[in-house]
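A.B. asks:
In this note's numbering, the protein residues as written are 926 to 1266.
#1: Over the uninterrupted beta strand (DSSP E) stretch that includes residue 1221, give me the two end residues.
#2: Return the CA-CA distance between residue 1246 and residue 956, expressed in angstroms with no decimal places.
#3: Under the rule that 16 or more other beta-carbon atoms within 10 Å means buried, what is residue 1266, buried or exposed?
#4: If you measure between the beta carbons of residue 1185 and residue 1127, is that distance less than 8 angstroms?
#5: Taking the DSSP output, what are the residues bridged to residue 1182?
#6: Restricting to runs no shorter than 4 residues, where is the alpha helix (DSSP H) found entirely within the segment 1020–1062?
#7: What residue from 963, 991 and 941 has the CA that sits closest to residue 1228's CA?
#8: What residue range is occupied by the uninterrupted alpha helix (DSSP H) comprising residue 958?
#9: Taking contact to mean 3 or more Cβ pairs, one atom from each stretch, closer than 8 angstroms, check whether the segment 1218–1225 and the segment 994–1010 are in contact.
#10: Could you tell me whether any non-hydrogen atom of the ligand ATP is closer than 7 angstroms to the CB of residue 1239?
#11: Per the DSSP calculation, residue 1143 is bridged to which residue(s)?
#12: For residue 982, which three-state DSSP category applies?
#13: Once you ignore the five residues that flank residue 1079 on each side, which residues in its own chain have a CB closer than 8 angstroms to its CB?
#14: Along the chain, where does the alpha helix (DSSP H) containing residue 1080 start, and where does it finish?
#15: For residue 986, I'd like the list of residues in its chain whose CB is within less than 7 angstroms of its CB, leaving aside the five on either flank, ordered along the chain.
#16: How many whole angstroms separate the CB atoms of residue 1086 and residue 1113, which I take to be in contact at a CB cut-off of 8 angstroms?
#17: Comparing alpha-carbon positions, which option in 1163, 1162, 1156 and 1181 lies nearest residue 1172?
#18: Using alpha carbons as the reference points, say which of 1033, 1049, 1199 and 1011 lies closest to residue 1023.
#19: Please name the residue, chosen from 1176, 1056 and 1066, that lies closest to residue 1076 on a Cα-to-Cα basis.
#20: Alpha carbon to alpha carbon, how far is residue 1048 from residue 1111? Give it in angstroms, no decimals.
#21: Checking the sheet assignment: what are the DSSP bridge partners for residue 1249?
#22: What would DSSP say about residue 1088, mapped onto helix, strand or coil?
#23: Over the uninterrupted beta strand (DSSP E) stretch that includes residue 1009, give me the two end residues.
What follows is the structure in structure tokens.
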């Protein structure tokens, strides 16, 4: 009990404020005191204030460049609409050209008809021979058959976004040959769609028109995007990266960017005590739900920019004031009049 009581601590938030306040008083106050004692109170205050705002310009400029410090709002996805079923009924015109899920080949079909060894090993046909010794160690023949069936069902349920994260070249070949026609939209891999999928999940759970209670009630399918600034090409070299940076800097406006994340309700499967959660199985009788979003770029660097420009104006004004004071002092010395401090 004594150790518990000794571990308790009272650490109010005012401690941080007092630490900063004491640092300001000691550091800035000592500099001001030295200047005031050597040049006079008024001149010392002007020099110290000019130095402070000069330092603020440098610090805020670093904030502005890197988007840190007192930053604004970060880029986020904002909900446009939640479309249930056919995308032809979507309010967003760009979303209507996106093909529905049945019109696209499945990821399993692309893998089976390809010669990609990486995709074949990850999402291909599963047999007893493709299982590793670690997977079948200690299993009976019937249990091995069940494992084969479960692994095969998992691969057959693979989404295009999942395939794109493992074998993007396979998706690119399918788009080049016309097997996948997205009407100008770009398929996002699961790695690229992380933020969009997380935002879509939150929007679905908050929607009063849907009955989802948790993320376990549906399965994330594919994610798409269209618009925005053009990024790097596939397999970029150094010159591609340099040109992309130049092109992005010269593109003053920000083209509107949309995103679509599709989900589908899963079959309710009871949890078996002592067993891992069952693999989610899509309920084919339920419609595909498309979360249509627009990219809000936020104002991450606005506040640092305002601090930089505001501090720069004050710094320049103080420097001009000190310069005019120096000129006045020189004129008074030349005229034989004592210069005031």
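C-beta atoms are modelled at their ideal positions from N, C-alpha and C, and glycine is treated no differently.
C.D. replies: The answer reads as follows:
#1: Locating residue 1221 in the chain shown gives position 296, where the first residue counts as 1. The continuous beta strand (DSSP E) containing residue 1221 extends over residues 1213–1221.
#2: Start at 1 with the first residue of the chain shown, and residue 1246 comes out as number 321. Start at 1 with the first residue of the chain shown, and residue 956 comes out as number 31. C-alpha separation (whole angstroms): 20 angstroms.
#3: Counting from one through the chain shown, the residue named residue 1266 turns up at place 341. Any reading at residue 1266 must be qualified, since the residue scores a pLDDT of 49, below 50, and its modelled position is unreliable; the value itself is stated next. Burial call: exposed.
#4: One-based indexing of the chain shown puts residue 1185 at position 260. One-based indexing of the chain shown puts residue 1127 at position 202. The beta carbons of residue 1185 and residue 1127 sit no closer together than 8 angstroms.
#5: Residue numbering aside, residue 1182 sits at position 257 when the chain shown is read from its first letter. Secondary-structure assignment with DSSP links residue 1182 through a beta bridge to 1152.
#6: Complete alpha helix (DSSP H) runs here, min 4: 1032–1037, 1042–1048 and 1058–1061.
#7: Here residue 1228 corresponds to residue number 303 of the chain shown, with the count starting at 1. Comparing Cα positions, the closest option is 991.
#8: Counting from 1 along the chain shown, the entry for residue 958 is found at position 33. Element bounds for residue 958: 954–964.
#9: The segment 1218–1225 is in contact with the segment 994–1010.
#10: No copy of the ligand ATP occurs in the structure displayed, which carries no ligand at all.
#11: Position 218 of the chain shown holds residue 1143. For residue 1143, the beta-bridge partners assigned by DSSP are 1190.
#12: Within the chain shown, the letter at position 57 stands for residue 982. Three-state result, residue 982: helix.
#13: Taking the chain shown and counting its residues from 1, one reaches residue 1079 at position 154. Counting only Cβ-Cβ distances below 8 angstroms, and skipping sequence neighbours, we find 1204.
#14: Residue mapping note: residue 1080 aligns to position 155 of the chain shown, counting from 1. Segment 1066–1081, the alpha helix (DSSP H) holding residue 1080.
#15: Working through the chain shown from its first residue, we reach residue 986 at position 61. Answer for residue 986: 1233, listed in chain order.
#16: Taking the chain shown and counting its residues from 1, the one referred to as residue 1086 is at position 161. Taking the chain shown and counting its residues from 1, the one referred to as residue 1113 is at position 188. With 8 angstroms as the limit, residue 1086 and residue 1113 qualify as a contact, their Cβ atoms being about 6 angstroms apart.
#17: Taking the first residue of the chain shown as position 1, residue 1172 is located at position 247. The candidate whose alpha carbon is nearest that of residue 1172 is 1156.
#18: Locating residue 1023 in the chain shown gives position 98, counting from the first residue. The residue with the shortest Cα to Cα distance from residue 1023 is 1011.
#19: Sequence index remark: in the chain shown, residue 1076 carries index 151 (1-based). Distances from the CA of residue 1076 to each of 1176, 1056 and 1066 were compared; the closest alpha carbon is that of 1056.
#20: The residue given as residue 1111 occupies position 186 in the chain shown. The residue given as residue 1048 occupies position 123 in the chain shown. Roughly 22 angstroms separates the two Cα atoms.
#21: As a first step, residue 1249 is located in the chain shown; it is residue number 324 there, counting from the start. Its beta-bridge partners do not exist; DSSP assigns none.
#22: Here residue 1088 refers to the residue found at position 163 of the chain shown. If DSSP states are grouped into helix, strand and coil, residue 1088 belongs with the helices.
#23: Position 84 of the chain shown, counted from the start, is the residue given in the question as residue 1009. From DSSP, the beta strand (DSSP E) with residue 1009 extends over 1001–1009.
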